[in-house]
Amino acid sequence: MEGESTAVNITETPKERKGKAPLLAPPSSSTIKPIVQKAPKGGYKRGLAVFDVVLRLAGIGAALGAAIAMGSTDQTLPFFTQFFQFKAQFDDLPAFTFFVIANAITAAYLALSIPISIVCIIRPQLVAPRVLLIFLDIVMVALTTSAAGGAASIVYLAHNGNSDANWPAICQQFNDFCQEVSGAVVASFLAVVVLMCLIVLSAFSL
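In terms of full-length UniProt numbering, the sequence shown is numbered consecutively and its last residue is 206.
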């Protein structure tokens, strides 16, 4: 009859279905590569460099405090005669004078080395600045340790004396003087510890 449409259903046979490949083949497992985000290089080195700057600031405070404390130490006893005045100053002893100079040099070096340490923060992969800091830190450790050790021996004699050499203890009379120089020596040894920590940090960074 007119007006009626006939629909023809065409079904594919299994054989025809086998021969056709899919338009989009699924990706094989061998072509799928996991995305691994790499950690930024030098991350821990940058953290060590930041800690290096903090330690250098602490070392400046310790060394400069030791130099100022020793350099401003003096005491005059209240009793004196017309010809004699009992007074103790740091420059009366060469070991204390060397102590002041050495700690001032150490404080100045630590201040001047901060820009190099900042370079290590910006460019943590650089090796030359870190090697330079290790070398100079070792030199400063030797200088500061010798100064602190020499001053400590004098402070020990001032507190205890030496009966074999017939050297009396003077801290019973110059009590304030001995307390100030003892505090300066302790601060200097703190600077030595800071310098040793800086060497260890630089070694880890390398």
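Note that beta-carbon positions come from the ideal geometry of N, C-alpha and C, so glycine has one too.
Range of the contiguous alpha helix (DSSP H) that encloses residue i
i	result
V193	175-205
D137	128-160
R46	43-71
A108	94-122
Close-in-space but distant-in-sequence residues of the same chain around residue i (CB under 8 Å, 5 per side omitted)
i	result
I199	I134, D137, I138, V141
V127	L206
L93	I154
A203	I134
Minimum C-alpha distance to residue i - residue among the options
i	options	result
P115	F99, L190, R130, Q89	R130
T144	L93, F98, R56	F98
Q173	L64, S146, D74	D74
G149	I122, A66, I105, V185	V185
V100	L64, V192, A169, A158	L64
A102	M196, C197, V192, L201	V192
Residues of its chain near residue i, where Cβ-Cβ distance is below 7 Å and the 5 sequence neighbours each way are ignored
i	result
L190	A62
I60	A107, L110, A111
E180	A69, T73
A104	A67
Alpha-carbon spacing of residue i relative to residue j, whole angstroms
i	j	result
V54	D91	33 Å
F96	S163	23 Å
A49	S182	33 Å
V119	N175	46 Å
A165	C178	20 Å
Rounded Cβ spacing between residue i and residue j (contact assumed at less than 8 Å)
i	j	result
A187	A69	7 Å
S117	D52	5 Å
S113	R56	6 Å
Residue i beta carbon near the ligand FMN (any heavy atom closer than 7 Å)
i	result
Q172	No copy of the ligand FMN occurs in the structure displayed, which carries no ligand at all.
Beta-carbon proximity list for residue i, same chain, < 6 Å, skipping 5 on both sides
i	result
K38	Caution is warranted here: a pLDDT of 49 is assigned to K38, below 50, making its placement in the model unreliable, and no coordinate value can be reported.
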